[in-house]
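Residues 1443 to 1818 in the numbering used here are what the sequence shown lists, from first letter to last.
C-beta atoms are modelled at their ideal positions from N, C-alpha and C, and glycine is treated no differently.
So the structure is just underneath, and the comments pick up after that.
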Amino acid sequence: MTDAGHSSPHSTAPIAHATTTGMTGGGFYNENSTPQWDAIAAVLPLLEEAATNLPLEGSGPVTLADFGCSEGRNSIAALATAIAALRPLTHLPIQTIHSDLPTNDFSSLLRSLRPDGQSVFGSPDVYSSIVGGSMFDQLLPAQSLHLATSFNAIGFLSRKPVAQLPGYILPNGPSVARANGFVSEEDRTAFTKLAREDIATFLKARAKELVPGGKLLLQVFGGNETARTCDGIYDLLNDAVLAFVEDGTISRNVYEAYYQPVYMRSLDELTGPVTDPVLGAAGLFELYKATSYEIPVSFNTDFEADGDLDRYAKGYVNFFRAFTEAVLRQALPDNDGRDILVEQIYAKAGELLKKDPQLYPFRYIAIAVLLTRTAD
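In structure tokens, the structure reads:
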């Protein structure tokens, strides 16, 4: 256990077609992913609509798969919604597949799928399994899948298109309000190109797995004309890391080589690869619905109500720590002081936030698309 009271992320390097080893484990992501769940909850009507319009021919199981399940709390809740919508329409057995990187901490999910020896989904004919692998690869047999979902996961890129990002820790660059760094146009172009290619690669992998008429609900954090989900949180993490660069604890070379391999897409960047003939996924799916939306953020609304700055800072920092810690840890020198330095960086983020919360306003913008697999 670390000083923060949760398990350290795996120290192994990312696998092929992945740039992180997963979310922070030991229950930490489950405990600090309420905003992610709220973003999922907003598109549950789309998930229900997808589940009630699946092709249910044959006698085999109806298979539902969630890609990027992390520790599983949100994954289980989402697929439970799909099962509830699907169950009145068929007596076929249902299989749920929860997939994430092999380096992900699956321990909480394994304990949760069959508590007391029975399916968490409340039915003896619902069977669950875990599949490790990159979502950018085909992970399931051809035409074995009826409904695929991915929530808050495809924002993580499949690879690093540049070796260094010397002016900021995120490809999208700092917020306009904070302006505490820079990303060159050349680097922005490289990330924009890869982000489009990653969507196409994901679509091609799921197209192999899905039956004709199967559904794909793809949702992720992003941006619109007024805000980006990266604004505030990455400004704060960047400032916290720079504090240790300025005092000599972290070298400038380490800072310039460290960045979070995450890209905030617009809705057009999410939907464009569906029909772009250059990327190779055109014709595989029919675009059914697409949406961009903003959700209230729990730690923001709590702070507005009670003004508790300590609680606000803890919720804010733990929220982004859950999905940034693994990459940050990998970027720091692998020595006896690394765990302590990680703790100090996130503690510094809390200090900076409490000193001036107005420097780091955070809004959660999400984008989603519901697709139907076309017939070959």
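If we ignore side chains and look at the alpha-carbon of each, how far apart do LYS1602 and PRO1703 end up? 6 Å
How should SER1576 be labelled, buried or exposed, when 16 other C-beta atoms within 10 angstroms of its C-beta is the threshold for buried? buried
The alpha helix (DSSP H) enclosing LEU1812, as first and last residue numbers: First-last for LEU1812: 1806-1815, but that is the beta strand (DSSP E), not the alpha helix (DSSP H).
In the DSSP assignment, find the unbroken beta strand (DSSP E) run with PRO1654 in it and report its ends. 1652-1663
Please state the DSSP three-state secondary structure of LEU1506. strand
Candidates ASP1752, VAL1653, THR1532: which alpha carbon is nearest LEU1795's? ASP1752
Could you tell me which residues DSSP pairs with GLY1574 in its beta bridges? ASP1542
Taking PHE1686 as the reference, which of PHE1598, ARG1780, PHE1633 has the closest Cα? ARG1780
Tell me the start and end of each unbroken alpha helix (DSSP H) in the stretch 1455-1513 that is at least 4 residues and wholly inside, in chain order. You should have 1470-1473, 1476-1483, 1486-1493.
Could you check if LYS1657 is buried or exposed, using at least 16 other CB atoms within 10 Å of its CB as the buried criterion? Here LYS1657 is buried, its C-beta having at least 16 other C-beta atoms within 10 Å.
Apply the 10 Å Cβ neighbour rule to ASN1695 and answer buried if 16 or more other Cβ atoms are within range, or exposed otherwise. exposed
What are the boundary residues of the alpha helix (DSSP H) that includes GLU1793? Where GLU1793 is concerned, the enclosing alpha helix (DSSP H) starts and stops at 1780-1797.
Can you look up VAL1759 in the DSSP assignment and give me helix, strand or coil? The three-state secondary structure of VAL1759, taken from DSSP, is helix.
According to DSSP, residues forming a beta bridge with ALA1732: VAL1811
Supposed contact pair LEU1543 and GLY1469 - C-beta distance, whole angstroms, cut 8 Å: Actually they do not touch by this definition, with Cβ atoms about 18 Å apart.
DSSP on LEU1589, reduced to helix/strand/coil? strand
Does GLN1537 come out as helix, strand or coil in the three-state DSSP assignment? strand
Taking buried to mean at least 16 other C-beta atoms within 10 Å of its own C-beta, is SER1450 buried or exposed? Residue placement at SER1450 cannot be trusted, given a pLDDT of 43 that sits under 50; the coordinates are not used to answer.
Within 10 angstroms of its Cβ, does VAL1720 collect 16 or more other Cβ (buried), or is it exposed? By the neighbour-count rule (16 or more Cβ atoms within 10 Å), VAL1720 is not buried but exposed.
Closest to ALA1522 by CA distance: which of SER1734, GLY1500, VAL1573, SER1554 is it? SER1554
For GLY1757, which residues in the same chain have their Cβ closer than 6 Å to its Cβ, ignoring the five residues on either side in sequence? PHE1741
Who are the near neighbours of GLU1711 in its chain, counting only those whose CB is closer than 7 Å to its CB and skipping five residues on each side? ALA1637, ARG1638
With DSSP collapsed to three states, give me the class of VAL1769. helix
Would you grab the beta carbon distance between PHE1509 and ALA1649 for me? Rounded to a whole angstrom, and I think it's under 8 Å. Going by Cβ atoms, the distance from PHE1509 to ALA1649 rounds to 13 Å, so no, they are not a contact pair.
Enumerated in chain order, which unbroken segments of the alpha helix (DSSP H) with a length of 4 residues or greater are wholly contained in the stretch 1663-1700? 1675-1688, 1694-1699
So, helix, strand or coil for ARG1553, using DSSP? helix
Of the residues THR1691, LEU1496, ALA1817, PRO1799, which one's Cα is nearest the Cα of GLY1749? The shortest Cα separation from GLY1749 among THR1691, LEU1496, ALA1817, PRO1799 belongs to PRO1799.
Any idea what DSSP makes of ASP1445, helix, strand or coil? Reliability fails at ASP1445, whose pLDDT of 38 lies under 50, so the model's placement of it is uncertain and no value is given.
How far does the alpha helix (DSSP H) with PHE1745 in it extend, from its first residue to its last? 1740-1748
Residue from ALA1483, GLN1478, PRO1497 with nearest C-alpha to ALA1817: In terms of CA proximity to ALA1817, PRO1497 leads the group ALA1483, GLN1478, PRO1497.
Can you list, in chain order, the residues of its chain with a C-beta nearer than 6 Å to that of VAL1479? Leave out the 5 residues immediately preceding and following it. The question names Val, but residue 1479 is Trp in the sequence shown. If we look at TRP1479 and ignore the five residues flanking it on each side, its Cβ neighbours are ASN1516.
DSSP-derived helix/strand/coil call for TYR1754: helix
PRO1456 versus ASN1546 - alpha carbon distance: 10 Å
Starting from ILE1518, trace the alpha helix (DSSP H) both ways and give me its first and last residue. 1515-1528
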